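Novice: Residue numbers (this note's numbering), protein chains in the order written: chain S, 447 to 794; chain H, 447 to 794.
The C-beta atom is built at its ideal place from N, Cα and C for all residues, glycine as well.
Every value quoted in this text rests on a predicted model; they were computed, and no experiment measured them.
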DNA sequence: GTTAGCACTCTCAGTGATAGAGTGCTAACA
DNA sequence: TGTTAGCACTCTATCACTGAGAGTGCTAAC
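#1: Using a C-beta to C-beta distance shorter than 8 Å, which residues of chain S count as neighbours of residue 699 of chain H?
#2: Which of the three DSSP states, helix, strand or coil, is assigned to residue 483 of chain S?
#3: Using a beta-carbon distance cut-off of less than 8 Å, what residues from the region 700-711 of chain S approach chain H?
#4: Taking all protein chains shown into account, do 16 or more other C-beta atoms lie within 10 angstroms of the C-beta of residue 582 of chain H, making it buried, or fewer, making it exposed?
#5: Alpha carbon to alpha carbon, how far is residue 576 of chain H from residue 615 of chain H? Give it in angstroms, no decimals.
#6: Within 10 angstroms of the Cβ of residue 850 of chain H, are there 16 or more other Cβ atoms? Answer buried if so, exposed if not.
#7: List, in chain order, every chain S residue whose beta-carbon is nearer than 9 Å to that of residue 589 of chain H.
#8: Would the region 447-460 of chain H and the region 493-509 of chain H be scored as touching if the rule is three or more Cβ pairs under 8 Å?
#9: Distance cutoff 8 Å, beta carbons only. Does residue 695 of chain H sit that close to anything in chain S?
#10: Taking one C-beta from the region 673-683 of chain S and one from the region 641-648 of chain S each time, how about it: are there three or more such pairs within less than 8 Å?
#11: Would residue 565 of chain H and residue 762 of chain H be called neighbours here (beta carbons separated by less than 8 Å)?
#12: Taking residue 765 of chain S and residue 691 of chain S to be in contact with their CB atoms under 8 Å, please state how far apart those CB atoms are, rounded to whole angstroms.
#13: Contact between the region 704-713 of chain S and the region 731-750 of chain S is defined here as three or more beta-carbon pairs at a separation below 8 Å; is this criterion met?
#14: Going by the CB atoms, is the gap between residue 784 of chain H and residue 602 of chain H shorter than 8 Å?
#15: Using the three-state DSSP reduction, which class does residue 579 of chain H fall into: helix, strand or coil?
#16: Distance cutoff 8 Å, beta carbons only. Does residue 608 of chain H sit that close to anything in chain S?
#17: Could you compute how far the alpha carbon of residue 593 of chain H sits from the alpha carbon of residue 557 of chain H?
#18: Given a threshold of 16 other Cβ atoms within 10 Å of its Cβ, counted over all protein chains shown, does residue 521 of chain H qualify as buried or as exposed?
#19: Can you give me the Cβ contacts of residue 715 of chain S inside the same chain, cut-off strictly under 7 Å, excluding the 5 residues immediately before and after it?
#20: Kindly indicate which residue of S:700, S:508, S:519 and S:489 has the alpha-carbon position closest to the one of residue 500 of chain S.
#21: In its own chain, which residues sit with a C-beta less than 6 Å from the C-beta of residue 605 of chain S, not counting the 5 before and 5 after it?
#22: Let me know the alpha helix (DSSP H) ranges lying completely inside the region 682-709 of chain S, each 4 residues or longer, listed in chain order.
#23: Checking contacts by CB at 8 Å: is residue 664 of chain S closer than that to chain H?
#24: Would you mind telling me which residues of chain S sit closer than 9 Å to residue 548 of chain H, beta carbon to beta carbon, in chain order?
#25: Would you call the CB atoms of residue 624 of chain S and residue 669 of chain S closer than 8 Å?
#26: With DSSP collapsed to three states, give me the class of residue 623 of chain H.
#27: Who are the Cβ neighbours of residue 632 of chain H in its own chain at under 7 Å, not counting the five residues just before and after it?
#28: Who are the Cβ neighbours of residue 661 of chain H in its own chain at under 6 Å, not counting the five residues just before and after it?
#29: Restricting to Cα atoms, I'd like to know which of H:596, H:637, H:607 and H:461 is closest to residue 621 of chain H.
#30: So, are the CB atoms of residue 517 of chain S and residue 472 of chain S less than 8 Å apart?
#31: Looking at the unbroken alpha helix (DSSP H) that takes in residue 606 of chain H, where does it start and where does it end?
#32: Please state whether the Cβ-Cβ distance between residue 526 of chain H and residue 779 of chain H is less than 8 Å.
#33: Taking all protein chains shown into account, decide if residue 507 of chain S is buried (16 or more other Cβ within 10 angstroms of its Cβ) or exposed.
#34: Under 7 Å Cβ to Cβ from residue 480 of chain S, same chain only, skipping five residues before and after it: list those, please.
#35: Give me the Cβ distance between residue 636 of chain S and residue 578 of chain S, rounded to the nearest whole Å; I'm assuming they're in contact under 8 Å.
#36: Does residue 730 of chain H pass the burial test, meaning 16 or more other C-beta atoms within 10 Å, or should it be called exposed?
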């Protein structure tokens with residue numbers, strides 16, 4: 447018993463129908479709606495085979511069939527055809543990026559909102575991991591005698607600020623000198639390269655000044671670490687309630703809860719499914735998900751770039767019955783487009 | 447027909463029971479569970495009167511009664527008794543504030559999360575309106591020849607940064623001078639006071655420099671306006687699904703949708719209900735809400751202070767059947783506590 | 001290998017029938 | 001005059017039952 451051409455066609459038809467209707471698909475439906483040139487009885491036999499091979503499931507005796515995770519896997523790898531998508535909506539990304547170029551968080555939030563609006567699925571975006579980004583500028587601004595703000599500007603104009611406290615009073619001229627010195631020593635280094643030993647080294651070289659500024663330098667070391675903390679932005683959780691598979695309030699609540707937990711979101715975005723599609727897009731289906739709350743869901747993920755380097759991940763989440771083809775199309779177009787605009791802005 | 451002592455007691459009992467069970471309350475339930483010393487028949491007569499007066503409603507003939515908006519209004523104003531609340535959970539606020547003192551947004555998000563966790567209701571917090579806050583420090587940091595970052599520090603150490611662009615190349619020494627000048631002129635003024643005419647005036651006084659820095663000064667004027675943009679943080683929308691009154695997926699979706707719209711959230715927080723309780727807490731019940739999506743909900747709001755001035759609003763949202771007493775207690779304790787901690791931190 | 005036909009299975013929607021909760025009214029009582 | 005017991009009435013929710021419909025698997029014929 448093998449997967450001949452016709453069985454594949456039948457599987458494809460069943461999946462297409464199920465994606466639309468969310469109802470188990472029967473042999474007669476296939477023979478009527480999809481012109482396969484064979485009778486429903488033949489389709490029935492093939493469906494029985496496909497079930498035995500694990501590509502289909504039957505919710506109860508004498509119901510139609512629904513695709514299994516394995517069925518979807520075959521579908522996304524061999525069968526699905528990418529539809530044309532409406533680029534007009536996607537082009538709004540340009541506006542978002544231009545408008546929010548100096549507010550990375552807000553930009554990512556808006557992109558994830560747009561994406562969930564276009565796809566009607568919940569969308570996740572992780573903030574740029576910038577430990578491989580170079581330091582562009584550092585500046586200390588005095589607040590009062592004992593506290594100051596450390597401004598950190600990274601390549602790609604990612605700006606962070608931290609409030610630092612010192613146990614000793616510090617003159618503003620000292621801060622200016624320290625700023626200059628920090629820039630001389632650290633500019634052009636990546637966050638990975640700016641570590642504790644380097645800061646300790648700096649302290650020693652400064653001699654008496656280093657001791658006076660002990661607190662400040664420690665605080666700076668701390669701040670640099672926290673610059674790289676990862677955030678995840680999620681939008682469109684509400685769409686969960688649109689899927690018939692989550693009309694059970696208990697199920698919906700479970701998933702909602704998961705989507706409010708940052709750790710789970712990070713797990714979802716960072717897991718690697720066995721195979722990766724050529725266009726840099728990964729699909730994780732149902733039980734393949736690590737997070738237990740996601741076992742009935744699928745995720746389509748891809749990475750986005752800044753300065754030529756992959757810095758973050760975008761994921762679109764849905765029931766296993768999600769419209770993979772359209773989501774993959776939308777996502778890959780979006781990322782190409784984003785890459786294009788961001789490159790113009792950041793490096794130019 | 448007036449509201450004598452017994453009628454009030456019966457209303458109180460009905461509301462208490464309904465808050466617990468979410469089921470229409472019958473006369474026998476009241477006479478059995480609450481010891482009013484009269485028979486169910488008497489209660490029945492009084493309930494009929496209370497319905498005629500508009501404090502109760504009957505979902506259908508020969509069902510029990512449920513409170514009307516007017517009934518709840520009477521309850522929150524005269525009848526409810528504040529319970530003791532668990533201060534231990536509230537004390538986590540201190541940790542949040544200490545940890546996030548230099549990241550206002552993150553702090554407010556965490557507080558709203560905590561509050562929704564404690565109360566099991568969705569929670570809103572508006573970001574500080576800082577147009578009445580004084581400017582503490584301004585600094586321009588060069589990024590490259592044509593662009594720079596404007597750092598704005600307000601009283602209470604609220605920090606904002608904006609990326610500005612100029613059409614002409616600008617030397618970094620010029621920026622330092624400009625920073626000094628801006629500080630001399632603007633420090634200590636509130637955002638309200640720093641308006642376009644003032645900036646124009648500045649340009650003129652600077653003569654040839656003013657023309658060169660035309661772009662920059664315009665950009666600064668723009669930025670100052672946008673510093674005051676209001677944000678609202680919302681947490682715990684998921685709790686909606688816990689309320690039996692939103693077990694209807696369509697209703698739940700409607701409310702969810704509303705909670706994702708910033709404009710609606712601002713409306714919810716800024717509306718004024720007719721009466722304000724003495725402890726600075728406002729309650730808006732059902733139809734009293736302006737936003738149409740909220741007509742089946744109630745909101746308990748209060749304001750929080752920074753530097754002795756009211757700068758933002760916190761709101762807790764629930765079905766009209768919400769546990770007003772506990773929510774009011776929790777909220778008023780939280781705000782007192784926050785005020786205490788924030789005062790120590792910001793002004794000290 | 002394919003197909004028509006048929007018996008069988010299971011769900012779903014509709015239909016009474018029934019129990020139960022609650023009311024309103026009346027008449028009796030303190 | 002206010003309170004109460006009793007009773008008829010109303011409305012809902014639940015359960016069992018039924019028939020229609022969708023779909024399957026098997027068999028026998030092509």
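Specialist: Checking against the coordinates, here is how it stands:
#1: To locate residue 699 of chain H, count along the second chain from 1; it is residue 253. Going along chain S in sequence order, the residues near residue 699 of chain H (Cβ under 8 Å) are 684, 687 and 688.
#2: Against the first chain, residue 483 of chain S aligns to sequence position 37. In this structure, residue 483 of chain S counts as coil in the three-state DSSP scheme.
#3: Per Cβ criterion, the list reads 702, 703 and 706.
#4: For this step, residue 582 of chain H is matched to residue 136 along the second chain. When all chains shown are included, residue 582 of chain H counts as buried.
#5: Working through the second chain from its first residue, we reach residue 615 of chain H at position 169. Working through the second chain from its first residue, we reach residue 576 of chain H at position 130. Each residue's alpha carbon lies about 32 Å from the other.
#6: Past the boundaries of the shown model lies residue 850 of chain H; chain H is included only from 447 to 794, so the question cannot be answered.
#7: Here residue 589 of chain H refers to the residue found at position 143 of the second chain. When 9 Å is used as the limit between beta carbons, residue 589 of chain H is near these residues of chain S: 582, 583, 599 and 603, in chain order.
#8: Judged by Cβ distances under 8 Å, the region 447-460 of chain H makes contact with the region 493-509 of chain H, as three or more pairs qualify.
#9: By 1-based counting over the second chain, the position of residue 695 of chain H is 249. Output row for residue 695 of chain H: interface = yes.
#10: Taking 8 Å as the limit for Cβ pairs, the verdict is that the region 641-648 of chain S does not touch the region 673-683 of chain S.
#11: Against the second chain, residue 565 of chain H aligns to sequence position 119. Against the second chain, residue 762 of chain H aligns to sequence position 316. Pairing residue 565 of chain H with residue 762 of chain H gives a Cβ-Cβ distance under 8 Å.
#12: In the first chain, the residue the question calls residue 765 of chain S occupies position 319. In the first chain, the residue the question calls residue 691 of chain S occupies position 245. About 5 Å separates the CB atoms of residue 765 of chain S and residue 691 of chain S; that is less than 8 Å, so the two are in contact.
#13: A contact exists between the region 704-713 of chain S and the region 731-750 of chain S.
#14: Start at 1 with the first residue of the second chain, and residue 602 of chain H comes out as number 156. Start at 1 with the first residue of the second chain, and residue 784 of chain H comes out as number 338. A distance of 8 Å or more separates the beta carbons of residue 602 of chain H and residue 784 of chain H.
#15: Here residue 579 of chain H refers to the residue found at position 133 when the second chain is read from its first residue. If DSSP states are grouped into helix, strand and coil, residue 579 of chain H belongs with coil.
#16: Residue numbering aside, residue 608 of chain H sits at position 162 when the second chain is read from its first letter. For residue 608 of chain H, the nearest beta carbon of chain S is closer than 8 Å to its own beta carbon.
#17: Looking up residue 593 of chain H in the second chain gives position 147. Looking up residue 557 of chain H in the second chain gives position 111. Whole-angstrom Cα-Cα distance: 36 Å.
#18: If you number the second chain from 1, residue 521 of chain H lands on position 75. The residue in question, residue 521 of chain H, is buried, as its Cβ has 16 or more Cβ neighbours within 10 Å.
#19: Taking the first chain and counting its residues from 1, one reaches residue 715 of chain S at position 269. Residues 570, 572, 678, 747, 759 and 761 of the same chain have their beta carbon placed closer than 7 Å to that of residue 715 of chain S, with the five preceding and five following residues left out of the count.
#20: The residue given as residue 500 of chain S occupies position 54 in the first chain. Minimum Cα-Cα distance from residue 500 of chain S among the listed residues S:700, S:508, S:519 and S:489 corresponds to S:519.
#21: Reading the first chain from its first residue, position 159 is the one you call residue 605 of chain S. Correct list, in chain order: 599.
#22: With a minimum length of 4 residues, the continuous alpha helix (DSSP H) runs that stay inside the region 682-709 of chain S are 695-705.
#23: Along the first chain, read from residue 1 onward, the residue named residue 664 of chain S stands at position 218. Output row for residue 664 of chain S: interface = no.
#24: For the purposes of this step, residue 548 of chain H is taken as the residue at position 102 of the second chain. Within chain S, the residues near residue 548 of chain H are 595, 607, 608, 609 and 610.
#25: Walking along the first chain from the start, residue 624 of chain S turns up at place 178. Walking along the first chain from the start, residue 669 of chain S turns up at place 223. No, these two residues do not count as a Cβ contact at 8 Å.
#26: For the purposes of this step, residue 623 of chain H is identified with residue 177 of the second chain, where counting begins at 1. In the structure shown, residue 623 of chain H sits in a helix (DSSP, three-state: H, G or I).
#27: Translated into positions along the second chain, residue 632 of chain H becomes position 186. Cβ within range, chain order: 581, 584 and 640.
#28: Position 215 of the second chain, counted from the first residue, corresponds to residue 661 of chain H. The residues 612 and 613, in chain order, have a CB closer than 6 Å to that of residue 661 of chain H in the same chain once the five nearest residues on each side in sequence are set aside.
#29: By one-based count along the second chain, residue 621 of chain H stands at place 175. The residue with the shortest Cα to Cα distance from residue 621 of chain H is H:596.
#30: For the purposes of this step, residue 517 of chain S is taken as residue 71 along the first chain, with counting starting at 1. For the purposes of this step, residue 472 of chain S is taken as residue 26 along the first chain, with counting starting at 1. In terms of Cβ geometry, residue 517 of chain S and residue 472 of chain S do not form a close pair [threshold 8 Å].
#31: Position 160 of the second chain, counted from the start, is the residue given in the question as residue 606 of chain H. In this chain, residue 606 of chain H is not harboured by any alpha helix (DSSP H); it is covered by the beta strand (DSSP E) spanning 604-611.
#32: In the second chain, counting from the first residue as 1, residue 526 of chain H sits at position 80. In the second chain, counting from the first residue as 1, residue 779 of chain H sits at position 333. The answer is no: Cβ separation not under 8 Å.
#33: Taking the first residue of the first chain as position 1, residue 507 of chain S is located at position 61. With fewer than 16 other Cβ atoms within 10 Å, it is exposed.
#34: On the first chain, residue 480 of chain S is found 34 positions in, with the first residue counted as 1. These residues qualify, in order along the chain: 459.
#35: Indexing the first chain from 1 puts residue 636 of chain S at position 190. Indexing the first chain from 1 puts residue 578 of chain S at position 132. Rounded, the Cβ-Cβ distance is 5 Å, consistent with contact.
#36: Working through the second chain from its first residue, we reach residue 730 of chain H at position 284. The residue in question, residue 730 of chain H, is buried, as its Cβ has 16 or more Cβ neighbours within 10 Å.
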